[in-house]
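**Student:** The structure that follows is given in the form of structure tokens.
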Amino acid sequence: RAAATPSTRMRFHALSLVLFNPVVCQSRALTRSCNGFSSFRTVTSLRGGDTAAGGDDIPEYPTTSESFVPRYNGPPIDEMTDEQRAIRDDIIRTRPRTGISGPFGPWLAVPEIGRPSQELGRACRYGTTLSMRESELIILLTGARHKAHAEFDIHQGEALRSGLTLDTISAIPRDEDFSMERVKSDLLPLLAESKRDVAIALFTAELLETSTISEETYQATLKAVGGKESVLVEITGIIGYYTYVAYTLNAFNIPFVRSK
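656 is the number of the first residue of the sequence shown in the numbering used here; add one for each residue after it.
Laid out in structure tokens, this is it:
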């Protein structure tokens with residue numbers, strides 16, 4: 656997979672200045688592919704995932720992983736054990752729109768991994784005190800750092816639904832471009848209206864880049880989230896879980912599959 660280069664990102668931002676005005680900037684986005692730009696794309700998605708019915712169109716957004724050919728998508732249904740079928744049915748029940756997609760197929764190969772992974776994902780996704788917008792910001796940064804194109808593609812739609820703008824999403828440095836400095840220079844100016852958003856983004860980027868958190872960042876983030884260390888546990892948990900998701904998607908070359 657070719658990484659987006661700084662020159663490619665500059666072309667993207669330059670084109671966005673021409674094509675997007677303040678009124679429509681949240682409804683259109685150029686598709687950034689591994690080789691440059693391709694067509695506009697549209698999907699329908701629901702806020703928060705897969706348990707609600709209905710939904711309306713979300714803004715068009717770029718994808719880069721739809722053409723990936725998976726190495727392994729999990730055991731065929733006719734070869735599953737009763738335990739694997741039970742886990743599969745639970746995933747489909749709680750995710751009727753997307754079903755067995757993303758990392759869930761490979762995880763089904765090992766029920767002892769698949770079941771707790773599904774439960775941990777549900778807790779990280781829906782069981783924290785973070786807003787969906789904050790969670791999606793963390794997830795996108797995690798996918799960007801780990802070169803997980805499918806993870807980024809999947810969560811762009813949810814991020815748009817949660818209230819993040821296309822400009823904000825496109826400012827996230829990806830692949831080899833990812834660094835604390837790039838997060839500070841490219842992304843933070845677009846989050847400047849919320850000290851909490853800035854603190855969460857910096858905490859996430861620092862942990863992803865250095866695998867630890869400085870005392871300065873720890874204390875600044877703790878202050879920004881109202882002194883609640885449980886929130887720092889939630890942020891760290893989401894980063895850890897979606898790092899695990901990213902590794903699964905990357906190892907098995909899982910593509911982004913559009914919801915029906």
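We put the beta carbon where it would ideally sit given N, CA and C, even for glycine.
1) With burial defined as no fewer than 16 other Cβ atoms inside 10 Å of the residue's Cβ, what is the status of Ser720: buried or exposed?
2) Closest to Thr718 by C-alpha separation, out of Ile794, Ala805, Ile890 and Ala741, would be which residue?
3) To which residues of the same chain is Ile713 closer than 6 angstroms at the C-beta, ignoring the five residues directly before and after it?
4) Does the segment 895 to 914 come within contact of the segment 723 to 730, defined as at least 3 CB pairs closer than 8 angstroms?
5) Could you tell me whether the segment 842 to 858 touches the segment 878 to 886, where touching means 3 or more Cβ pairs closer than 8 angstroms?
6) Hey, Leu763 and Ile742 are a contact pair by Cβ (cut 8 angstroms); roughly how many whole angstroms apart?
7) Which value, in whole angstroms, describes the spacing of the CA atoms of Leu927 and Lys839?
8) Quick check: the Cα distance between Ala826 and Glu738, rounded to an integer number of angstroms?
9) Between which two residues does the alpha helix (DSSP H) carrying Ile909 extend?
10) Taking Thr783 as part of the alpha helix (DSSP H), name the residues at either end of that continuous run.
11) Which of the three DSSP states, helix, strand or coil, is assigned to Glu806?
12) Taking the beta carbon of Ala860 as the centre, do at least 16 other beta carbons fall within 10 Å, making it buried, or is it exposed?
13) What is the DSSP secondary structure of Ser817, counted as helix, strand or coil?
14) DSSP state of Val765, grouped into three classes?
15) Go ahead and pull the three-state DSSP assignment for Glu884.
**Tutor:** Taking the definition as stated:
1) buried
2) Ala805
3) Ser700, Gly812, Leu815 and Arg816
4) yes
5) yes
6) 6 angstroms
7) Outside the shown range of the chain, which is 656 to 915, sits residue 927, and nothing can be said about it.
8) 43 angstroms
9) Unbroken run through Ile909: none, as it is neither H nor E.
10) That residue, Thr783, is in no alpha helix (DSSP H); it is neither H nor E in DSSP.
11) helix
12) buried
13) helix
14) coil
15) helix
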